[in-house]
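Chemist: Below you will find the structure I want to go over with you.
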Amino acid sequence: MTHGPGHRGLDMEEALSFEQDSPGQTGVDLPDPGPVAERLGGLRREGPVGLPGLSEPQVVRHYLRISRMNYGIDSGFYPLGSCTMKHNPRLNERLARLRGLGDVHPLQPQSTVQGALELIHQTAHWLKTLTGLPAVAMSPAAGAHGELVGLMTIRAALEARGDARQRVLVPDSAHGTNPASAHMCGYGVESIPANDRGRVDAAAVRRQLDSDVAAIMLTNPNTCGLFEPEIRDIADAVHEAGAFFYCDGANFNALVGRVRPGDLGIDCMHLNLHKTFSTPHGGGGPGAGPVVLSEALAPYAPLPYVVHGPDGFRLVEHADDADGQPLGRIKGFHGQFGMFIRALGYMTSMGADGLRQVAEDAVLNANYLLARLGGPLTPSFDGPCMHEVLFDDRFLRDTGVTTLDFAKALIDEGFHPMTVYFPLVVHGAMLVEPTETESKASLDQFVDTVLALLERARAGDVKHFQAAPRLTPRRRLDETAAARKPVLRWQPAETGAAGSRDKAAE
Ligand SMILES: *Cc1c(COP(=O)(O)O)cnc(C)c1O
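Residue numbers for the sequence shown follow our numbering, beginning at 101 and rising by one.
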């Protein structure tokens, strides 16, 4: 079959821009810079830089075609549990593009960026208010980065009192970043088993606590979508043992505006701005994972941070100017400023009452799914749930269809699958998080699709599931170890693939 590159078929292919190199093509004709040799002081480029020659229309079409192979929250329902794939309001984007915000440079003199510093200060104020904790480190670049920074502050606080504790307790339903961060910070990780209701018992925590435990890392609501009812007892036990309470705040969407983690005895918690506060995820933009800190941990917050004094807003950039013993920098400049703009835009446009409604509607939507799917599917734990609902694969027993097959079949129906095989505490997990930005109509559509697929599985049509997805640019990937050999179609040539501008410069 031959077709033009704009064809959208099942065997959709898109060559790399380097493979589309068309020598002589260029997006812009720049005037010949003339002789510059003496101004370069002998640093003349010796070969082409290796950029492909492409016209502007070629580049635009390339990226548009790639974008059509993608599935995002802007394409449809995206119930990826634990990830909080909510709609990113376009107002946020508008604000981030305002010239006075979008065009500032991180190296500008502070007197010329007072508004930007005020914006960071304001965002910090909202995060502190919503969590009930007195300090926040704004610069971590993701939730996982926030975990590391939080643990580094805990380690610093312990070392400052001459206490070299070695272990961190992590429930076995935790996100993989929790043990990874603890390990990165030099701690041994000890797991706490969940009870048969999917929760952590304070008694189990007490049994594992001793003078060698630096911290517990708990997620609340946990990754089974359940509130931890013994959280205050757990906090008391942790504090009595001289340890700190780290809370993974990835699920703050279930609590925002309703519960202040500081009131639950938490010392430290990261906030994924790309989850709760509607900034774009991953490919949509850089992440931001500010960490809120208790009084005891605040002196160790990393540089830089913004303070407000009689002369306006000021960045504290050096340890000598700081009140405590900061960790130094953990990220270039001030963190992801563009994300702070979006998050603050979101918080101020929602207001306190709107944020509270976010949590209420997120929980309501998840419970609606539980109510409609709880009978035909197999919920892992008794409801009600918080903002996400966990099913396991018992409902597929004897059908020959696995959780993975079921998820792949959903793709052909136009839905992004739920999170699968996480958390690890149930068999064949399916973790569904609808978020508050979905309507009842879109939830009903999803439920009807799941039920139709279930009927198909029960009718014995295993092949349909095993062959899915059929309607995507790539069919099912072979994820076995043997298949994981990298296939590089484009090899950078010694001199690079020379474009027209390189040629012209030679
Ligand atoms: C998303 C998530 C993380 C990690 O956050 P990133 O921003 O992706 O680094 C940690 N814990 C839980 C429970 C999460 O859902």
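Yeah, the Cβ is synthetic: ideal placement off N, Cα and C, and Gly gets one too.
Which residue comes first and which comes last in the beta strand (DSSP E) that contains histidine 339?
Modeler: For the purposes of this step, residue 339 is identified with residue 239 of the sequence shown, where counting begins at 1. Segment 331–340 is the alpha helix (DSSP H) holding histidine 339; no beta strand (DSSP E) there.
Chemist: Less than 7 Å between the beta carbons of tyrosine 346 and methionine 317, yes or no?
Modeler: In the sequence shown, counting from the first residue as 1, residue 346 sits at position 246. In the sequence shown, counting from the first residue as 1, residue 317 sits at position 217. Closer than 7 Å, so yes.
Chemist: Could you tell me which of Val289, Gly250, Asn322 and His225 sits nearest to valine 300, measuring between CA atoms?
Modeler: In the sequence shown, counting from the first residue as 1, residue 300 sits at position 200. Comparing Cα-Cα distances from valine 300 to each of Val289, Gly250, Asn322 and His225, the minimum goes to Asn322.
Chemist: Quick check on the burial criterion: 16 or more other C-beta atoms within 10 angstroms. Buried or exposed for isoleucine 166?
Modeler: As a position in the sequence shown, residue 166 is number 66, starting the count at 1. With fewer than 16 other Cβ atoms within 10 Å, it is exposed.
Chemist: Does DSSP classify leucine 151 as helix, strand or coil?
Modeler: Here residue 151 corresponds to residue number 51 of the sequence shown, with the count starting at 1. Correct three-state label for leucine 151: coil.
Chemist: Cβ of aspartate 348 within 6 Å of any heavy atom in ligand 1?
Modeler: Sequence index remark: in the sequence shown, residue 348 carries index 248 (1-based). Within the cutoff, so yes.
Chemist: Sort out for me which residues DSSP pairs alanine 315 with in a bridge.
Modeler: Stepping through the sequence shown from its first residue, residue 315 is reached at position 215. Per DSSP, Val268 and Phe344.
Chemist: With three or more beta-carbon pairs closer than 8 Å as the criterion, would you say the region 268–275 touches the region 397–417?
Modeler: Taking 8 Å as the limit for Cβ pairs, the verdict is that the region 397–417 does not touch the region 268–275.
Chemist: Return yes when at least one heavy atom of ligand 1 lies under 6 Å from the C-beta of threonine 277, else no.
Modeler: To locate residue 277, count along the sequence shown from 1; it is residue 177. Yes, the Cβ of threonine 277 comes within 6 Å of a heavy atom of ligand 1.
Chemist: Rounded to a whole number of angstroms, what is the C-alpha to C-alpha distance between arginine 261 and glycine 365?
Modeler: Within the sequence shown, residue 261 is the residue found at index 161, counting from 1. Within the sequence shown, residue 365 is the residue found at index 265, counting from 1. Each residue's Cα considered, the two are about 21 Å apart.
Chemist: Decide if glycine 384 is buried, meaning its Cβ has at least 16 other Cβ atoms within 10 Å, or exposed.
Modeler: As a position in the sequence shown, residue 384 is number 284, starting the count at 1. Confidence at glycine 384 is low in this model, with a pLDDT of 48, below 50, so its placement is unreliable and the value that follows should be read with caution. Exposed is the call here.
Chemist: Can you round the beta-carbon distance between threonine 499 and alanine 557 to whole angstroms, since I take them to be within the 8 Å contact cut?
Modeler: Within the sequence shown, numbered from 1, the residue matching residue 499 stands at position 399. Within the sequence shown, numbered from 1, the residue matching residue 557 stands at position 457. Sure, about 4 Å apart at Cβ, within 8 Å.
Chemist: Report yes if the C-beta of threonine 319 is less than 6 Å from at least one heavy atom of ligand 1; otherwise report no.
Modeler: Counting from one through the sequence shown, the residue named residue 319 turns up at place 219. Yes; taking the cut-off as 6 Å, the Cβ of threonine 319 has a heavy atom of ligand 1 nearer than that.
Chemist: Can you list, in chain order, the residues of its chain whose CB lies under 8 Å from that of lysine 228, leaving out five sequence neighbours each side?
Modeler: Start at 1 with the first residue of the sequence shown, and residue 228 comes out as number 128. Once the five neighbours on either side are set aside, the close Cβ partners of lysine 228 are Pro234, Ala235, Val236 and Val392.
Chemist: So, at 6 Å on beta carbons, what are the nonlocal neighbours of histidine 107 in its own chain, with the 5 sequence-adjacent residues on each side left out?
Modeler: Here residue 107 refers to the residue found at position 7 of the sequence shown. Confidence in histidine 107 is poor, its pLDDT being 48 and thus under 50, which makes the residue's placement too unreliable to answer from.
Chemist: Closer than 6 Å to a non-hydrogen atom of ligand 1 - does that hold for the CB of glycine 176?
Modeler: Start at 1 with the first residue of the sequence shown, and residue 176 comes out as number 76. Flag unset: Cβ of glycine 176 not near ligand 1.
Chemist: For the putative contact between glycine 250 and histidine 370, defined by C-beta atoms under 8 Å, what is the C-beta separation to the nearest angstrom?
Modeler: Within the sequence shown, the letter at position 150 stands for residue 250. Within the sequence shown, the letter at position 270 stands for residue 370. Right, their Cβ atoms sit about 6 Å apart.
Chemist: Along the chain, where does the beta strand (DSSP E) that runs through valine 289 open and close?
Modeler: The residue you call residue 289 lines up with position 189 of the sequence shown. Run containing valine 289: 288–292, per the beta strand (DSSP E) assignment.
Chemist: Look up methionine 369 in the DSSP assignment and say whether it is helix, strand or coil.
Modeler: Working through the sequence shown from its first residue, we reach residue 369 at position 269. Looking at methionine 369 - three-state DSSP - the assignment turns out to be strand.
Chemist: Once DSSP output is grouped into helix, strand and coil, what is the label at aspartate 505?
Modeler: Walking along the sequence shown from the start, residue 505 turns up at place 405. Three-state DSSP puts aspartate 505 in a helix.
Chemist: Could you work out which residue in Asp493, Leu496, Leu469 and Arg494 is closest to proline 484 when comparing CA atoms only?
Modeler: For the purposes of this step, residue 484 is taken as residue 384 along the sequence shown, with counting starting at 1. Proline 484 has its Cα closest to that of Leu469, out of Asp493, Leu496, Leu469 and Arg494.
Chemist: Using the three-state DSSP reduction, which class does leucine 219 fall into: helix, strand or coil?
Modeler: Your numbering for residue 219 matches position 119 in the sequence shown. Helix at leucine 219.
Chemist: Return the residue from the list Pro479, Val458 and Leu524 that minimises the CA-CA distance to glutamate 538.
Modeler: On the sequence shown, position 438 is the one that residue 538 refers to. For the residues Pro479, Val458 and Leu524, the minimum Cα distance to glutamate 538 belongs to Val458.
Chemist: Which term fits serine 291, buried or exposed, when burial requires 16 or more other beta carbons within 10 angstroms of its beta carbon?
Modeler: Numbered from its first residue, the sequence shown carries residue 291 at position 191. Classification of serine 291: exposed, given that the 10 Å Cβ count is below 16.
Chemist: Whole angstroms are fine: how far does the CA of serine 394 sit from the CA of glutamate 119?
Modeler: Counted from its first residue, the sequence shown places residue 119 at position 19. Counted from its first residue, the sequence shown places residue 394 at position 294. Looking at the two C-alpha atoms, the distance is approximately 53 Å.
Chemist: In angstroms, rounded to a whole number, what distance separates the CA positions of glycine 599 and glutamate 146?
Modeler: Locating residue 599 in the sequence shown gives position 499, counting from the first residue. Locating residue 146 in the sequence shown gives position 46, counting from the first residue. Note that glycine 599 scores a pLDDT of 40, beneath 50, so its modelled location is shaky; the value from the coordinates is reported in the next line. Going from the Cα of glycine 599 to the Cα of glutamate 146 covers about 15 Å.
Chemist: Taking isoleucine 331 as the reference, give the member of Cys324, Ala341 and Asn320 with the closest Cα.
Modeler: Taking the first residue of the sequence shown as position 1, residue 331 is located at position 231. Considering only alpha carbons, the answer is Asn320.
Chemist: Mapping DSSP to helix, strand and coil, what is glycine 412?
Modeler: Residue 412 sits at position 312 when you count from the first residue of the sequence shown. Three-state result, glycine 412: strand.
Chemist: Cα-Cα, which of Ala315, Thr502, His205 and Val550 is closest to histidine 516?
Modeler: Looking up residue 516 in the sequence shown gives position 416. Selected option, being the one with the closest Cα: Val550.
Chemist: Would the beta-carbon of serine 182 be found less than 6 Å away from any heavy atom of ligand 1?
Modeler: Taking the sequence shown and counting its residues from 1, the one referred to as residue 182 is at position 82. Yes, Cβ of serine 182 sits closer than 6 Å to a heavy atom of ligand 1.
Chemist: Which same chain residues, not among the five before or five after aspartate 548, have their C-beta less than 8 Å away from its C-beta?
Modeler: The residue labelled residue 548 in the question sits at position 448 within the sequence shown. Nothing meets the Cβ criterion.
Chemist: What are the partner residues of glutamine 405, as DSSP defines its beta bridges?
Modeler: Working through the sequence shown from its first residue, we reach residue 405 at position 305. A small correction: the amino acid at residue 405 is tyrosine; glutamine does not occupy that position in the sequence shown. Tyrosine 405 pairs with Val416.
Chemist: Are the beta-carbon atoms belonging to leucine 554 and proline 479 less than 7 Å from one another?
Modeler: Your numbering for residue 554 matches position 454 in the sequence shown. Your numbering for residue 479 matches position 379 in the sequence shown. Contact flag unset, no.
Chemist: Going residue by residue through the region 506–569, where are the continuous beta strand (DSSP E) segments of at least 3 residues, counting only ones entirely within it?
Modeler: Those beta strand (DSSP E) runs which fall completely within the region 506–569 and span 3+ residues are 530–532.
Chemist: Considering Cα atoms alone, identify which of Val525, Thr184 and Ile511 is closest to aspartate 461.
Modeler: Here the question's residue 461 lines up with position 361 in the sequence shown. Selected option, being the one with the closest Cα: Thr184.
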